[in-house]
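The next block holds one structure in the form of structure tokens; read it before the comments.
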Amino acid sequence: MDTAEPHTLTFTEDPVSFLEQTAALLAAEPVLTTVLSSWTRRAAAGEVAPPSPGVPRWWLAVRGPDGEPVSAAMRTMPHPPYAPWVLAMPDEAAVSLARALHDRGEELAAVNGALPTARVVAEETARLTGRTARVAEHQRLHVLGEPRAPRPTTGALRPVREDELDELARWWSSFGLEVDLAAGRAPDAGHPADLDDLRARVRAGTQWWWEDEGRPVCLVGANPPADGVARIGPVLTPTVLRGRGYAGNAVHQVAAALRAGGSQVCLFTDQANPVSNRLYAGLGFESYADTAALRVE
Numbered sequence: 001m002d003t004a005e006p007h008t009l010t011f012t013e014d015p016v017s018f019l020e021q022t023a024a025l026l027a028a029e030p031v032l033t034t035v036l037s038s039w040t041r042r043a044a045a046g047e048v049a050p051p052s053p054g055v056p057r058w059w060l061a062v063r064g065p066d067g068e069p070v071s072a073a074m075r076t077m078p079h080p081p082y083a084p085w086v087l088a089m090p091d092e093a094a095v096s097l098a099r100a101l102h103d104r105g106e107e108l109a110a111v112n113g114a115l116p117t118a119r120v121v122a123e124e125t126a127r128l129t130g131r132t133a134r135v136a137e138h139q140r141l142h143v144l145g146e147p148r149a150p151r152p153t154t155g156a157l158r159p160v161r162e163d164e165l166d167e168l169a170r171w172w173s174s175f176g177l178e179v180d181l182a183a184g185r186a187p188d189a190g191h192p193a194d195l196d197d198l199r200a201r202v203r204a205g206t207q208w209w210w211e212d213e214g215r216p217v218c219l220v221g222a223n224p225p226a227d228g229v230a231r232i233g234p235v236l237t238p239t240v241l242r243g244r245g246y247a248g249n250a251v252h253q254v255a256a257a258l259r260a261g262g263s264q265v266c267l268f269t270d271q272a273n274p275v276s277n278r279l280y281a282g283l284g285f286e287s288y289a290d291t292a293a294l295r296v297e
């Protein structure tokens with residue numbers, strides 16, 4: 001679908017085609033494009049399940065007057081609210097995106113991604129539908145600078161095994177709840193983890209436990225590198241086990257392994273959680289960009 005100049009919007013449901021069209025754009029700012037790049041590459045490799053009937057899934061290239069991609073977005077979230085992820089783009093392109101989705105009949109209850117673009121899309125959607133846009137979560141993207149080791153703790157890091165998928169799924173399913181509670185927000189209802197997705201992640205070697213006295217006490221995940229950048233997440237220590245240094249040691253060791261493999265390392269934090277922000281700053285992570293999750297309700 002196209003809009004009038006100076007920007008045109010081109011939608012596709014084919015991740016391979018999208019990557020071919022936007023390879024140079026994604027590689028130019030690999031930290032800022034980490035979410036879009038890593039997820040799309042997994043989709044192109046067949047590592048994520050197709051969407052359920054009626055659930056939108058698309059990728060978008062925003063082209064400038066010369067026809068070259070200048071920004072991008074995707075709508076691939078497999079569960080409600082099916083929020084698109086948007087890269088930074090000119091305001092007029094963000095407004096055009098909101099109008100295009102409205103014209104397509106797509107319900108848009110949430111938008112995630114770069115600021116101010118995510119806010120512009122949400123506010124234009126709210127205007128078109130007579131609703132209100134609000135920020136549900138302020139997030140911050142960090143990049144690892146000079147690593148700093150945390151204070152030692154008991155236990156050790158090990159990869160998650162495939163026979164532990166059910167336990168891994170329980171941890172993944174509780175992640176959103178734990179994040180909301182730690183930030184002082186009303187908890188989201190949460191969504192069940194996809195076992196096939198987790199199986200692919202375990203087979204790729206991107207899920208680790210910090211284990212102490214024979215039991216997992218912290219989970220650290222990562223996304224495979226895209227354009228030389230690997231993103232850590234989720235990181236979860238149950239509330240009753242926090243304050244013992246498990247997460248700091250686990251993230252430090254996972255980040256070291258990713259760096260040893262030649263990747264730059266990044267992660268997101270919730271700006272409303274001062275504990276996690278202090279933790280990662282202490283490990284050497286530096287602020288890089290702000291993003292947000294907005295709701296239209």
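Mapping the sequence shown onto my numbering, position 189 (from 1) lands on 189, and the numbers just tick up by one.
For each residue, glycine too, the CB sits at the ideal point set by N, CA and C.
Here T269 carries a strand assignment [DSSP, helix/strand/coil]. For A44, the enclosing alpha helix (DSSP H) has its first and last residue at 34-44. Less than 9 Å separates the beta-carbon of V217 from that of G155. Within 10 angstroms of the beta-carbon of D270 lie 16 or more other beta-carbons, which makes it buried. Among the bridge pairs identified by DSSP, W85 is matched with M74, N112.
Distance from R131 to V296 at the Cβ level is roughly 5 Å; contact confirmed, criterion being Cβ atoms closer than 8 Å. Here the C-alpha atom of E211 lies approximately 7 Å from the C-alpha atom of R158.
V121: member of the alpha helix (DSSP H) spanning 117-129, first to last residue.
Separation of R119 and G284 (C-alpha to C-alpha, rounded to the nearest whole angstrom) is 30 Å. Non-local C-beta neighbours of P225 in its own chain, meaning closer than 7 Å and more than five positions away in sequence, comprise S263, ordered along the chain. Listed in chain order, the beta strand (DSSP E) runs fully inside the segment 136-196 are 156-159, counting runs of at least 3 residues.
R99: member of the alpha helix (DSSP H) spanning 91-104, first to last residue. By the neighbour-count criterion, in which a residue is buried when 16 or more other Cβ atoms sit within 10 angstroms of its Cβ, E137 is buried. Uninterrupted beta strand (DSSP E) stretches at least 3 residues long and entirely within the segment 199-236 occur at 207-212, 215-226, 229-236, given in chain order.
The beta-carbon separation of L198 and A169, rounded to 6 Å, stays under the 8 Å limit for a contact.
Contact between L19 and T40 holds, since their C-beta atoms are separated by about 6 Å, short of 8 Å. Scanning its chain for C-beta atoms nearer than 8 Å, with the 5 sequence neighbours on each side dropped, one finds around Y280 the residues H142, V251, L267, T269, in chain order. At a Cβ-Cβ threshold of 9 Å, P6 and G64 count as neighbours. In chain order, S37, A226, D227, G228, V229, Q264 place their CB closer than 8 Å to the CB of P30, counting only its own chain and leaving out the 5 sequence neighbours on each side. S287 sits in a strand when the DSSP states are folded into three classes.
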